[in-house]
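Undergrad: First residue of the sequence shown? That's 350 in the working numbering, and the numbers climb one at a time after it.
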Amino acid sequence: MKNRIKDQDEYYWVQCFKQGDPDALAYFFDLHYKALCYFAERLIGDEAEAEDIVADCFLKLWKGDRQIETAQNVKAFLYISCRNACMDYFRKLKVKTAAQEYTYRQLEHGEEGIFYEVVKTDVMEILAAEIESLPV
350 MKNRIKDQDE YYWVQCFKQG DPDALAYFFD LHYKALCYFA ERLIGDEAEA
400 EDIVADCFLK LWKGDRQIET AQNVKAFLYI SCRNACMDYF RKLKVKTAAQ
450 EYTYRQLEHG EEGIFYEVVK TDVMEILAAE IESLPV
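(1) What residues in its chain sit with their C-beta under 6 Å from that of Arg415, if we drop five residues either side in the sequence?
(2) Out of Arg440, Phe407, Ile480, Thr419, state which residue places its alpha-carbon closest to the alpha-carbon of His381.
(3) Quick check on Ile402: does DSSP put it in helix, strand or coil?
(4) Does the ligand FMN have a heavy atom nearer than 6 Å to the CB of Phe426?
(5) One question on the structure: do Leu385 and Cys435 come within less than 7 Å of each other, judged by their Cβ atoms?
(6) In chain order, what residues of the same chain lie with their CB nearer than 8 Å to the CB of Met473, ignoring the 5 residues before and after it?
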């Protein structure tokens, strides 16, 4: 029953988003911002830069063509945009540490590492929600 309500809510917000409702963007921002920041920071190692990258991803989502059909499409768009923005960040660096170079190569060629980070981010998000729901 809970999943059915969640699916209906997500459907509602996707429809609002497609119609250009800024509240829908706020909904997806609240839903994904922290996890995306964690994901980006794990990739590039810079919290402030990660937050900028994530903000740009939401801006790109908002300015896009609104052909998104499901909440999963929104999430996928955001994670792919974030990964690509992290790759761009590394490309623009003049001097890279060995760790940054390794991460860039993983982003460029290793989908498994990125998939692992996405799953890890999702698990951390679920874990945090469960901890929040524990009685004090």
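Idealized CB from N, CA, C, for every residue including glycine. None of these values were measured; they are calculated from a predicted model.
TA: Short version:
(1) Lys367
(2) Phe407
(3) helix
(4) Of the ligands one can find in the structure shown there are none, so the ligand FMN has no counterpart to examine.
(5) no
(6) Ala384, Tyr387
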